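**Student:**
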Amino acid sequence: MCDIFFANPYKLGYNYIITNTKIMAKKTKISPKLIKYLEEAGINHEILEHRTVYTALDAAATMKKKINEIAKSLLVKADKDYYILVLPADNNLDLNKVSKTIEKNTGEKVKSVKIPGEKIMETVFKIKSGAMSSFGNMHKIPVIVDNNLAKLKKAIFSSGSFNHSVEVATKDFIKLEEALLGSFGVKKKIKKPKTAPKKKKTPKKKVSAKKAVKKASPKKSPVKKGPAKKKK
0 MCDIFFANPY KLGYNYIITN TKIMAKKTKI SPKLIKYLEE AGINHEILEH
50 RTVYTALDAA ATMKKKINEI AKSLLVKADK DYYILVLPAD NNLDLNKVSK
100 TIEKNTGEKV KSVKIPGEKI METVFKIKSG AMSSFGNMHK IPVIVDNNLA
150 KLKKAIFSSG SFNHSVEVAT KDFIKLEEAL LGSFGVKKKI KKPKTAPKKK
200 KTPKKKVSAK KAVKKASPKK SPVKKGPAKK KK
């Protein structure tokens, strides 16, 4: 039985724990199949309930976690085979490196790697767009974990729900999913905001000492002459 941790921002910071996963499955949209899958595996994990999130950045902000601790899951198609790639949320996917990783692990030449459209996810795998679970074994899809994520002690993985995530030790996740390993994530470059160019100061004109004295000295008022005296 796992601990279920609530991090609901609408509870004004009030956190509480429920350990009855059966009740949890009825009250929320998390898959009971996933709960059973994790319990039968016997690994320590936490199911995090949070407000609806659609991006890893939003999830990190909601759960007050570092963005590299959030694992994003992407479905790719390499020739005729599908794979779930799991990498840190602050990494971009390099498809060329993905093909090399698959070739290294399978020994087969890969001609093309692409991200399938939303219809494939919904019709073939019955998965909502943006709700790809990290647990590929449940869908019988091989999982490949990026080495940048494998270095972390713990990570938060997608449960396939917009309102729930699963925190588990990374090594336990790799073992559970029998995941392949590879380097296909490239850390995102964060552009620094452009600052307005500083205005050049116009140099002040130097005033000579003589001119400065002249300017400083007050003007002499003209002396008024009276009428000339008549000689006697």
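So the sequence shown is numbered by numbering that gives the first Met the number 0: it starts at 0 and just counts up by one.
All residues carry an ideal CB built from backbone N, CA and C; glycine is no exception.
The structure displayed is predicted, hence computed values, not measured ones.
1) Out of curiosity, what's the CA-to-CA distance linking T54 and K108?
2) Please state the DSSP three-state secondary structure of P115.
3) Three-state secondary structure (DSSP) at V123?
4) Look at the Cβ atom of L74, then the Cβ atom of I83, and state whether they are nearer than 9 Å.
5) The alpha helix (DSSP H) that contains A55, what's its start and end?
6) Which residue's Cα is closest to the Cα of T51: S164, F156, T169, K174?
7) Tell me, to the nearest whole angstrom, how far the beta carbon of L56 is from that of S158; I am working on the premise that it is less than 8 Å.
8) Between I101 and V112, is the Cβ-Cβ spacing less than 9 Å?
9) Distance check for S133 and M120, CA to CA, integer angstroms please.
10) Contact check, L92 vs F183 under 8 Å by CB: the rounded distance?
11) Can you name, in chain order, every residue of its own chain whose Cβ lies under 7 Å from the Cβ of L94, other than the five neighbours on each side?
12) Exposed or buried, what is D89 when buried is set at 16 or more other beta-carbons lying within 10 Å of its beta-carbon?
13) Mind checking who K76 pairs with in its DSSP beta bridge?
14) Report the residue from A59, I114, M62 whose alpha carbon sits nearest the alpha carbon of K79.
15) Considering only DSSP beta bridges, list what L151 is partnered with.
16) Throw me the rounded Cβ distance for the A149 and N43 pair, which I believe falls under 8 Å.
17) Within this structure, are the beta carbons of A178 and V97 separated by less than 9 Å?
18) Could you give the C-beta distance for A70 and I155, rounded to a whole number, given that I count them as a contact under 8 Å?
19) Could you check the C-alpha separation between E166 and A58 for me, to the nearest Å?
20) Measure from the alpha carbon of K64 to the alpha carbon of each residue in S72, K76, H49, then state which is nearest.
**Tutor:** Taking the definition as stated:
1) Their Cα atoms are separated by approximately 33 Å.
2) coil
3) coil
4) yes
5) 55 to 62
6) Of S164, F156, T169, K174, the residue nearest in Cα terms is S164.
7) Going by Cβ atoms, the distance from L56 to S158 rounds to 18 Å, so no, they are not a contact pair.
8) yes
9) If you draw a straight line from the Cα of M120 to the Cα of S133, it comes to about 14 Å.
10) 6 Å
11) V112
12) Under this definition D89 is a buried residue.
13) Y81, K113
14) I114
15) In DSSP, L151 forms no bridge with anything.
16) Contact flag wrong, Cβ pair sits at about 18 Å.
17) no
18) 6 Å
19) Using only the alpha carbons, I get a separation of about 13 Å.
20) H49
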